[in-house]
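The sequence shown runs contiguously to residue 549 in our numbering. A short write-up of the structure that comes next.
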Amino acid sequence: MTNRTLAILKPDCVRKELIGKVISQIQSAGFRILGLKMVRLTEDTAKGFYEVHKERQFFKDLISYMTSGPCLPIVLEKENAVEEFRKLIGATDPAKAEEGTIRKLYAENIQENIVHGSDSNENAMKEISHFFSRRELLEINGWN
Ligand code: CMP
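Written as structure tokens, this is what we have:
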């Protein structure tokens, strides 16, 4: 089934000037870009986005990392987008990620891991709506 996922190229990806390389790898893997923007997350937006992690001991650090510079939310479409994108990026901890995955290639550690990918279709829809309105996606390319 063709579906969507939300990727975020995180602040470390931007700082390391890896935007081009990572997007190229995403497109080579057959993902279609439906929406893309560069934003600087506010503390409130970051807290809202990562609300599921609010009780975790790494939450505070995660929020300061995600607000430390611009990032790029990207709406992607492909057959089994969520699962396929998670395969492409590799495990959260780059030390455990498979060879050739984006995190294995570029990530520093479990927190500064270059890229986010939604973990289910349900969360993908919620996460996409954090950054993109239906109208916006419709205006960009006719899909809503
Ligand atoms: P992400 O896939 O965006 O989902 C939650 C993020 O929290 C994760 O990538 C990492 O950036 C961060 N994270 C997850 N687990 C840990 C951990 N054990 N320690 C520090 N940061 C983590």
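Backbone N, C-alpha and C fix where the C-beta goes; we use that ideal spot for every residue, glycine too.
Local conformation of residue i per DSSP, three classes
i    : result
R540 : helix
R409 : strand
G425 : helix
R437 : strand
Whole-number beta carbon distance between residue j and residue i, since they are thought to touch under 8 Å
i    : j    : result
E532 : L411 : 4 Å
L477 : K442 : 7 Å
I468 : A451 : 5 Å
L481 : R437 : 7 Å
Q516 : Y470 : 6 Å
Buried or exposed (CB count within 10 angstroms, at least 16 for buried), residue i
i    : result
T506 : buried
L493 : buried
H535 : exposed
V520 : buried
A500 : exposed
*Whole runs of the beta strand (DSSP E) within the stretch 456 to 527, excluding any shorter than 3 residues*: 477 to 484 and 520 to 522
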